Each structure stands twice: as structure tokens, then as C-alpha cells.
Amino acid sequence: MDNIILRCDNNINGIFTAIYDAFVYKNQMQKENHEVYRDNISIEIGIGGNYTLFSKMIDIETDEVKVQKTILAIQKKLGFKIYETVFDALCHYSDNRATIVLGFLVRAFKVGQRITEYMSDEYVIRTYEMARKVNNEGQKLNGFLRFSDNGSFLLSKIAPKCNMIPIIMWHFQDRFPGENFVIYDQIRKYAVIHPKGRGCFFISNEQFMQLEEN
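Just so it is clear: in the sequence shown, position 6 is 6 by our numbering, and no numbers are missing.
So, in C-alpha cells, the structure goes:
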């Protein structure tokens, strides 16, 4: 059977949606062909990639319902600690991070929390390596990130190797609950904004530029 490539939006929710659909296709292939799954589904991050010979390419539209179902399935069946590992790994900079995590989850859903004992498996090893890299960079940013006073809000511009905003924003929300602050990722061109006394939310590059001008 041809390989399947799922192309998704370049963000966490896009990847979680693709992971959900990957399991749907995996189960469908096993049911129709009575064959053992052989890692023939991959996830390409970013719509508009090049055509690949002998592969069926499917564009995936981000779906919040699928995102929540995927997150809840991981937390319920594997535990919150493994979910954190998955989330951290998906914030890595590797172009293959979604496919690696998919392979990890395929194996993890078979053996449950004992997946931590399968450290000879390539997908398991690489998932934990990516998560460790992200966690290490997050700890450094938590300690060294500085804000400048932009008048009506505090501003920090960062250029991390990994996608660190989803990792560090909760630390600074807890640290500065009474402050308006913005953390802007200069590499990925988006920001998180925290209005004082409220929760964090993401804004686009265009929205950030307008905010900074005002």
C-alpha cells in the first residue's frame, strides 16, 4: 500500500489534528487490508509541500474538536507525564517531529505507560530526546528572559531554537499575574499576550506589529 502523508498547519493544534487523523487512517488500513501497521503514515508540517512519488498526500484542516479528543486520549490512556513529553517534543524544531511523535504514540497506545521501558525503539528514543532539548531550553529562558517596559505593557522578544512560547508562558503568567506582558518569537513570528488578571492567548505577527505601534 502507498504511504500516506498528512500535511497540517505549522502549529501545535495543527499537529494534534493530524495525529488524530493519522490514527483514523491507520485503523482503516488495518481493517480493510488485515495487515500490521508499518509506519507508512507520516505528517508534514506546513501546507503546500512538494509532491512525493508513490505517496498519497492529504491536506489536514485544523479541528479543535479533534485536538481536544487527541489530548484527552493521551492523558487518559498514557498519563499526564507522557502527555507533557509529547507536548514538549512537538515544540522541537525538527521538521520530522510530528512523524516521530506519531510513531511514539502508535507504540505507546499498545503498551501504555510501559512505553518508558522501550528505550531501544527509535521513535521512543527520539521523542524523549526532543522533549529533553525543549525542556532544557525552557529552563534557561525561565531564568534569563527579561522584559522591557513598553509603556502600557512589558515586552520580551526572543529567538529560541525550539518553539518555546507554549512552554514558558505559564511560568510568566504565574510570576507576573498583575502585569500586562507580551512575549514575541522573532523566529516563528507570533506572540503570546497576557492582560493582567487574565489568561494568556496567542496573537499573530500582524497583530503584534499593530500592538507595538500603538
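C-beta: ideal position from N, C-alpha, C; glycine also.
All values reported here derive from a predicted model rather than from experimental measurement.
For residue 193, the uninterrupted beta strand (DSSP E) run begins and ends at 190-194, by DSSP. As the crow flies, the alpha-carbon of residue 146 is around 16 Å from that of residue 177. Residue 102 and residue 124 have their C-alpha atoms some 10 Å from each other. Annotation: the segment 76-109 contains the following complete segments of the alpha helix (DSSP H) (minimum length 4 residues), in chain order: 80-90. A Cβ-Cβ separation of about 6 Å places residue 166 in contact with residue 12 under the 8 Å criterion. When DSSP states are grouped into helix, strand and coil, residue 184 belongs to the strand group. If you ignore the 5 residues before and after residue 112, its C-beta comes within less than 8 Å of the C-beta of 77 and 78, all in its own chain and listed in chain order. For residue 3, the beta-bridge partners assigned by DSSP are 55. Here the alpha carbons of residue 213 and residue 205 stand approximately 12 Å from one another. Per DSSP, residue 141 is one residue of the alpha helix (DSSP H) stretching across 122-144. Counting only the Cα atoms, residue 14 lies some 35 Å from residue 151. Residue 27 is classed as exposed because its beta carbon has fewer than 16 other beta carbons within 10 Å across all chains shown. Residue 201 has 193 as its beta-bridge partners, per DSSP.
Residue pairing by DSSP places residue 41 opposite 4 in a beta bridge. Residues 115, 118, 121, 123 and 124 of the same chain have their beta carbon placed closer than 7 Å to that of residue 107, with the five preceding and five following residues left out of the count.
Take residue 157, set aside five residues on each side of it, and the residues of its chain with a beta-carbon closer than 6 Å to its own are 184 and 186, in chain order. Short of 6 Å from the beta carbon of residue 58, and not among the five residues preceding or following it, lie these beta carbons of its own chain, in chain order: 6.
Exposed is the label assigned to residue 174, since fewer than 16 other Cβ atoms lie within 10 Å of its Cβ. Residue nearest to residue 134 within the set 161, 31, 110 and 143 is 161 (criterion: CA-CA distance).
In the three-state DSSP reduction, residue 60 falls in the coil class, being neither helix nor strand. For residue 165, the enclosing alpha helix (DSSP H) has its first and last residue at 165-175.
Membership of residue 156 in the beta strand (DSSP E) is indicated by the continuous run 154-158. In the assembly as shown, residue 44 is a buried residue. Its beta-carbon has 16 or more other beta-carbons within 10 Å.
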